[in-house]
Structures are given as C-alpha cells and as structure tokens.
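Start counting at 1 in the sequence shown, then tack on 2, and there's your number in this note's numbering. Here's the structure we're looking at; comments come further down.
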Amino acid sequence: MRKLTQSGRGHVNKTQIALAEAKEALRIIIREMRALAKEDREAGDLKASNAAMRFEGVAHATLGALIQGHADASDALAETKEDGGDIVVMGPGGGR
Numbered sequence: 003m004r005k006l007t008q009s010g011r012g013h014v015n016k017t018q019i020a021l022a023e024a025k026e027a028l029r030i031i032i033r034e035m036r037a038l039a040k041e042d043r044e045a046g047d048l049k050a051s052n053a054a055m056r057f058e059g060v061a062h063a064t065l066g067a068l069i070q071g072h073a074d075a076s077d078a079l080a081e082t083k084e085d086g087g088d089i090v091v092m093g094p095g096g097g098r
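Next comes the structure, spelled out in structure tokens:
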C-alpha cells in the first residue's frame, strides 16, 4: 500500500471542500422548498405546494446519495492508501 502523493492529497482536499459545499447547498434547497411548500399550502395553492414538496424530496434523496457516496469513498481511501485514514478523518468533507 502506498501513500497519497502530494497532488493526490490536493485532489482529495478539493473534493472534500466541494462535498461540504454541495451538502450545504442541498440543505438550503430542502429548507427553502419546505418553506415554499408551506407558504403555497397556506395560500390554498396545493399544486404549487406539491411541486415544492416533490423538489424537496428529490433534494433529500440527492443529499442521502451524496452522504452514502462520501462514506463509500472515505472507506475506500482509508483501505487503499497508507495514510488515507488521516485525510478522511481530518478532511473538510463536512461529515454528514
């Protein structure tokens, strides 16, 4: 098993930063669509409320898939690189 190269660490670090940003963006989408669905429902516009709820659901599913992919990639990195566990634990990927 070999260590990550310096450029490999850079790629992983940039990916972890992007993961954290993507997770936060999806959480914002979920929060905003939930608020929009409630607003539309209270105004009696059920079709618009349902559309917002569907998009919120897609964002939830996407976030779940991203979290699962992050965990799978973290496991693979820890298992295949001598120092992979360090970058996984200490990286800025945003956890869940």
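Built from N, CA and C at the ideal position, the CB exists for glycine as well. From a predicted model like this one, the values you see are computed outputs, not experimental measurements.
Query, Result
"Are the beta-carbon atoms belonging to I31 and A53 less than 7 Å from one another?", "no"
"Does the segment 62-70 come into contact with the segment 20-34, if we say contact requires no fewer than three beta-carbon pairs (one atom in each stretch) closer than 8 Å?", "yes"
"Give the straight-line distance between the Cα atoms of H13 and D47, rounded to the nearest whole angstrom.", "46 Å"
"Please classify D85: does DSSP put it in a helix, a strand, or coil?", "coil"
"Quick one, which of G10, A24, K5 and K83 has its alpha-carbon nearest L68's?", "A24"
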